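Sequential numbering from 2 applies to the sequence shown in my numbering.
Read the structure below first, then the notes.
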Amino acid sequence: KFEEKKNHINELLLKFFKKTPSTDHPLALEKIVKAPSTMIDTLSADTVLAKDFKDAGNRFYAKKEYKEAINAYTSSLSFWCLPSSDRSILYCNRSTAYNEDKGTTTTTTSTTYKDAKSAALLRPMWTKPKLKMALCLKQMKKLEKGVKILEEALQITPADKDILRTRAEIMILLPRPQFISPSSSLSSSEKTPDEQRAY
């Protein structure tokens, strides 16, 4: 298992740097593997490596290499030493990369939604993943649920223009309720004499 993980990490690093990383390089796995064996040092090394993968994912995303960005974010998420706020950002970033990568892979909107939801659960007061969730729900035609999530987000940031605009866009798509006149639903025997004469 360790060798597989090491090989996977090295493949990602090689792809990112387009060359073999030296042991002096801050991202070199060999340097991390040679780290002291105490738990604190291991956690520290894992945190550094997780951050390096996150940074690599951001660079891949900026270059529109979405599949590589997804792999880098996934590798970073494999380190459990990260605080929930960092994990939330990683899920949100991966959700964005999945969304951008849809045209070239079999990634579905539900995968994008799941990552956005994970980000929102880890950091409930952050509205960005809630907006991503609502946009996914709009694509999945789950409009009422999307509006509900946006309403929750607006309780946190009432003046957020992106949330307000998205809510308005979804509200337009909602089916209009059919209003029935109360008197037209009554049978002629139930109507008052005045109502019967009016029709």
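Don't be surprised by glycine CBs; every beta carbon is placed ideally from N, CA and C.
All values derive from a computational prediction rather than experimental measurement.
How many angstroms separate the CA atom of residue i from the CA atom of residue j?
i	j	result
N94	F54	12 Å
L138	R166	15 Å
S76	L151	30 Å
Y62	S45	26 Å
P178	K143	17 Å
Rank the options by C-alpha distance to the C-alpha of residue i and give the top, closest one.
i	options	result
I90	L78, N100, E101 and C82	L78
P176	E145, T75, D87 and A98	E145
I164	W81, L136, V49 and T48	L136
I71	G58, F80, W81 and L83	G58
R88	K64, A51, K143 and R60	A51
K149	R60, M134, A160 and M126	M134
Using 7 Å as the threshold, is the C-beta distance between residue i and residue j below it?
i	j	result
T128	I173	no
Y74	E101	no
Y99	T113	yes
T110	M141	yes
S85	L123	yes
Could you tell me the boundaries of the alpha helix (DSSP H) in which residue i lies?
i	result
D163	K162 to L174
E153	L144 to I157
Identify every run of the alpha helix (DSSP H) within the region 74-135, keeping only runs that are complete inside it and at least 4 residues long; order them along the chain. Runs of the alpha helix (DSSP H) inside the region 74-135: 85-102 and 110-123.
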